[in-house]
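As they're listed, the protein sequences go chains W and H. The first sequence finishes on residue 811 if you use the working numbering, and the numbering steps up by one all the way, no holes. The second sequence finishes on residue 811 if you use the working numbering, and the numbering steps up by one all the way, no holes. Below: the structure, in structure tokens.
Protein chains: 2
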Amino acid sequence: MADHKVSFAREDAEAPFTVDVPTGTLLADAARQAGVEIGQPCGGQGRCGRCAVQVKQGTIRRRSTLRLSAEDVEQGYALACQSIVEGDVAVYVPPQEKIERRLTTDRTAAEVTVPVGYDYASSQTIRRIHLSLTPPSMDDQTDDWSRLQIALRLQAKVSRSQASLQVLQKIGAILRQGEWQVTAILETNPQVPEDPDRLVDLLPGHVDESTPLWGIAVDIGTTTVTLWLVDLISGRVRAQVAEYNGQIARGEDVISRIIFASKNGGGQEMRQRVLDSINSLLELACKRVKANPQEVVKATVAGNSTMIHLLLGLPAASIRLSPFITAVNHPPLMAAREVGLNINPEGSVDCLPGVASYVGADITAGVLSSGLDQAEQIMLFLDVGTNGETVLGNRDWLVTCACSAGPAFEGAGVVNGMRATTGAIEEVWINSDTFEPTFRVIGGSKPKGICGSGLISLLAEMFLTGLLDKAGNVNLSSKTDRVREGEHGPEYVVVWGKDTENGQDIVISHVDVDNLLRAKAAIYAGFTVLADQVGVALEDATKVLIGGSFGKYINVEKAIQIGLLPDMPWDRFEFLGNTAVRGAYRALLDWQTRDRIKQIAERMTYIELSADNTFYEAFMSAMFLPHTDANKFPSVEAFFSKA
Amino acid sequence: MADHKVSFAREDAEAPFTVDVPTGTLLADAARQAGVEIGQPCGGQGRCGRCAVQVKQGTIRRRSTLRLSAEDVEQGYALACQSIVEGDVAVYVPPQEKIERRLTTDRTAAEVTVPVGYDYASSQTIRRIHLSLTPPSMDDQTDDWSRLQIALRLQAKVSRSQASLQVLQKIGAILRQGEWQVTAILETNPQVPEDPDRLVDLLPGHVDESTPLWGIAVDIGTTTVTLWLVDLISGRVRAQVAEYNGQIARGEDVISRIIFASKNGGGQEMRQRVLDSINSLLELACKRVKANPQEVVKATVAGNSTMIHLLLGLPAASIRLSPFITAVNHPPLMAAREVGLNINPEGSVDCLPGVASYVGADITAGVLSSGLDQAEQIMLFLDVGTNGETVLGNRDWLVTCACSAGPAFEGAGVVNGMRATTGAIEEVWINSDTFEPTFRVIGGSKPKGICGSGLISLLAEMFLTGLLDKAGNVNLSSKTDRVREGEHGPEYVVVWGKDTENGQDIVISHVDVDNLLRAKAAIYAGFTVLADQVGVALEDATKVLIGGSFGKYINVEKAIQIGLLPDMPWDRFEFLGNTAVRGAYRALLDWQTRDRIKQIAERMTYIELSADNTFYEAFMSAMFLPHTDANKFPSVEAFFSKA
């Protein structure tokens, strides 16, 4: 096939980037080859429209123009993920959406306390031991490795020990460098004492007892990766860092990512992107405490099943397709070298166990840190996000489900939706007489869009002020010019263009409301099905434990008003923040806690909602504000009867 | 530092090879960078003179001109390993010595019989098992790995199983490709049944029972690498191949190789060279039986301690320096991926255990295949080579030592010495009246030099005909023009230049004889010390078992006549050929045999000769033909009294 020259012009680059590709190449692939970054939040499915570029010259074939208006197409706009090169082409790439950091972590850095009674010697799987060896001589020509093993046996009571080839290659030099005084870092399996101890590292001389022994706890969120750097001896968290998951550029939600990863080379790219995110966080955290990443000898990782699969390069395609099967729910312990983490290459990587395709290690770790699995009374644990994972239970039983709420609350599927970064409206109040809004913007600058908590707030206010009816229809007869018929049907103008960052009105349309209703209905229907399954009432839950960093910003009152959360006294709700990283941290410290997570994973009964007839019914009933059954929301009833 | 252009001209290349290097670069390193092969049999120590090149133009600095005559230097000759680039240089590289194959293996290919009573099911650590899994469904969403582990538990009684990340990454696709009918290849540790079984590979569908399950037995000799391809089910050897160890170009003996490996990057090069040798043999063997190297799932490797260290990238420097310490005598089982063998990356690589720096796995495997460790009566096992390793013992005790005989019997340190390849004189007879020699040449062509067995033969004939006296002096008064005063002292002309390949006389000089005497004296002194140590007489040995491929070509009578072998009835000598690969083969088949090798390694008492005062004494006594103590060689005495 003939090769065509494709050039990509960018405002921030003087000369265009060019590449030669054969006929039939996807424009997105050509861009990647040319080294030009084009975001594909939907994973290259042509759904999101964010990869639109303008073809200035030459021939391309559009597979799909979904998300492009006729006018866009006339102006040469094309979706990079849906357009095929058929000749020489000159393309203009508009500025890409920048991902800015919201330093959620720094706000919570002080909160972590070491678990009560943490005792390194009895809880930790990693040990650091000083050894004094007799130097070899003509009368004692024992080989280096046997000499070390004998010292381990006599001085550390390690009856069997093993080491990787990489460690064996270096012990000779270290023994001599330390003049036969060394510090061994060993990993034990306290659950199977017969298993050999693993020599993770050997250091010359006797390391000072006060030197930290580093480990990391990691939560790989679909949106955010969080890493805590921990001194395994004191148990103290010494640095907390967080950053967007680098996979976002190739898909906003897990489904888009699986689709992207299932393409040729996509899995490898996804794996590298999340490794890059973790490794740069590792470097950042280590820099803060002047540690070397190579000194980190253990990593405990939480994350949903897709995130863990993509991290480990496990095929994720069957997670997405019925009957929704993961490759591995309980990954074995692995060396960092195999995984690709830049800690000590022999450092142990422990990916926590998940339950099913959509109830992963973030939830098992979350249940642990919420204490639900040891509760005497019934409680509800939920992680509000793209997938609303919910667990209902107590110390005797645990049932769980996941509903694909979709990314509406993370800003996708809503025209002016955005992630919770600078410029996002995070809280809205509407005057019930004038219908004029007041709002709070993250960062305090001009607003750019509305994030999840802002959308909940907005929905609740519109409902309570009558701008929306029970079915979510925008009331066009409202006495305000902010309500109007827009391109996507009736809409409410939250901010006029003169007050926004880009000069365009920020609106919420009927279509947006509908997407948000679907999301909240899916989550609420999940609660209903779980409670039904075990024959308890939702009100029997003595606590509602909310995990996930999104959860932290929800206004309970408003979430109840739209029917996202069940109507209960507010003091039953507890916002726990990132329960996944907290669970990973506790598992990192204590092998018995780690075992408890395994038991949680095994104990949980997973209800597959797509196979459950009652779910659809519950979902349809929840597609109203707050619900078709008003009795379920007495506080909202009371509001209207008062009004 | 300024860069200089260095060009290397070769007769077989039209244009010279060029490279830019900074001041101070070794000519040998510049050649390597330019992609020009220059052999360094002594490992780059400037000892052997084989890396001599001619500087046609430009400036170099000679660190050493050892091995070059004043005339050579005048003509611009310089040792590539000892010369430093100090300006632009044009160099001529003479044709390099070609390494030709002596197909020793093909001669013995028919000899190997499967050990009596070999039973794959009870002896093998590798098992191949058919599994039939229930496909997943909405009612059974068990993850792929758990589903496989359950099948292993129920259908193969494997209570614990483990798999590497690489295997976990592929099981999902294979389970589906085989429509949930698969064949698992498992590795068990029969000695520790509690240890988990390791999933080496998973194949779609049920593999036909008659399909071979491949393993390889490898012996890494300092000179030759031997590989046997074995069907683990029938136990049959299906292909035998051998080739020179690619490390030869960087050192003829282990000491030279350690020196080379200890240089910057040298260890990595040595490792790659031997891996290349093994991997090309693997490919060759697999081609013969139309197998794919990826189907080979187990490798058992023998070799001396240096060879095993270099294969595994273990530092070998301390092997060479007092007190002569190996890094690892008992290497753990490793995955082929880690080692770098091109068999199935998860295939198990078992490097057999050694005893000490100079008594390695070739000897423990050799003792096993000789049966010495189970003998009722005392026997002597020896491997004649660069290092004369000797083991004396029976089923109750085993003592061993190694004497650095040096490479004289392999053709090095002898002016016209050469390896046993085409053109080597391998047997000599001298007429006691005319002193005219008759000889046999390998390959039948014109002679190029003399190999080890030829040298033993020549020495014995010269001694018996009076050309040499007891002290090894050439008798200049012998009535033949073949004896003359040469450049290196008195010498005997074995072949006149008109009859040789290169037109030069093939001679043996006084210096050569002295080197050979040192070699044979070292080996014989080893026997003496071992026997003394345990208080037995050498004659108490009921058998002398000779391993190593060199051993096969020794003429016992002549070896006794020069005092290399003890004077015993000829029927006590048994030539066993490559006992190391045979031992590796038996260990590959049977875990109990493998365990016996471990026991042999542990049972052997190693006598360090350099720490033994009696050795020097014994060595000096053996520096005569056949020995200072004529009583030790009654058959030689008898010859002279008859004569």
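Positions of the beta carbon are idealized from the N, C-alpha and C atoms, including for glycine. All of these numbers come straight from a predicted model, not from anything done at the bench.
- Rounded to the nearest angstrom, the gap between the Cα atoms of I342/W and L371/W is 6 Å.
- A485/W sits away from L336/H, with the two beta carbons spaced by 8 Å or more.
- Each of V697/W, E655/W, L548/W was checked against the Cα of F743/W, and the nearest Cα belongs to L548/W.
- As for any beta strand (DSSP E) of minimum length 3 sitting wholly inside the segment 382-438 of chain H, the runs are 382-388, 392-399, 405-412, ordered along the chain.
- Per DSSP, reduced to three states, the secondary structure at T633/W is coil, with no helix or strand assignment.
- The shortest C-alpha to C-alpha distance from M306/H to any of E805/W, M791/W, Y784/W, Y774/W is the one to Y774/W.
- Non-local C-beta neighbours of K800/W in its own chain, meaning closer than 7 Å and more than five positions away in sequence, comprise D735, ordered along the chain.
- When only Cα atoms are considered, N723/W and E594/W end up about 10 Å apart.
- Judged by pairs of C-beta atoms under 8 Å, the segment 535-548 of chain W touches the segment 558-565 of chain W, as three or more such pairs exist.
- Separation of the CB atoms of D387/H and V749/H is rounded to 4 Å, and the pair is thereby assigned contact status at 8 Å.
- Taking all protein chains in view, the Cβ of T390/H is crowded by 16 or more other Cβ atoms within 10 Å, so the residue is classified as buried.
- Taking a Cβ-Cβ threshold of 8 Å, the residues of chain W close to I339/H are A495, in chain order.
- For V259/H, the closest of G285/H, L236/H, A331/H, E179/H by C-alpha to C-alpha distance is E179/H.
- Among the residues of chain H, none has a CB under 8 Å from the CB of D708/W; the nearest is roughly 28 Å distant.
- In the three-state reduction of the DSSP assignment, F549/W falls in the strand class.
- Taking a C-beta distance under 8 Å as the contact criterion, A573/W and G585/W do not qualify as a contact pair.
- The beta carbon of E669/H lies closer than 8 Å to those of G591, S613, K614, P615, K616 in the same chain, with the five residues before and after it left out.
- With respect to chain H, the C-beta atom of E669/W has no partner C-beta closer than 8 Å.
- When only Cα atoms are considered, V679/H and T281/H end up about 45 Å apart.
- For P802/W, there is no enclosing beta strand (DSSP E); the residue is found in the alpha helix (DSSP H) stretching over 802-810.
- Membership of G751/H in the alpha helix (DSSP H) is indicated by the continuous run 747-757.
- Residue-level contact check: P491/W touches chain H, since one or more beta carbons of chain H fall below 8 Å from its beta carbon.
- The distance from the Cβ of Q201/W to that of V189/W is about 7 Å, consistent with a contact at the 8 Å cut-off.
- DSSP places F695/W in the helix class (H, G or I) of the three-state scheme.
- The beta-bridge partner set that DSSP reports for Y245/W consists of Q222/W.
- Between the alpha carbons of P380/W and L322/W lies a gap of roughly 25 Å.
- With fewer than three CB-CB distances shorter than 8 Å, the segment 593-612 of chain H does not count as touching the segment 689-704 of chain H.
- D311/H has a beta carbon lying within less than 8 Å of a beta carbon in chain W.
- With a 10 Å radius around the Cβ and a threshold of 16 neighbouring Cβ atoms, H656/W comes out exposed.
- Identification of chain W residues near E437/H by a Cβ-Cβ cut-off of 8 Å yields none; the smallest Cβ-Cβ distance measures about 15 Å.
- Within the segment 763-793 of chain W, contact with chain H at the beta-carbon level (separation under 8 Å) is assigned to Y774, E776, S778, A779.
- With a contact defined as Cβ atoms closer than 8 Å, N357/W and A769/W miss out at about 18 Å.
- Look at the segment 596-670 of chain H and you find these whole runs of beta strand (DSSP E), each 3 residues long or longer: 605-609, 651-654, 657-663.
- Two segments are said to touch when three or more pairs of C-beta atoms, one from each, lie closer than 8 Å; by this definition the segment 420-439 of chain W does not touch the segment 344-353 of chain W.
- Taking a beta-carbon distance threshold of 8 Å, P372/W does not count as an interface residue toward chain H.
- Distance from the CA atom of P304/W to the CA atom of P491/H, rounded to whole angstroms, is 7 Å.
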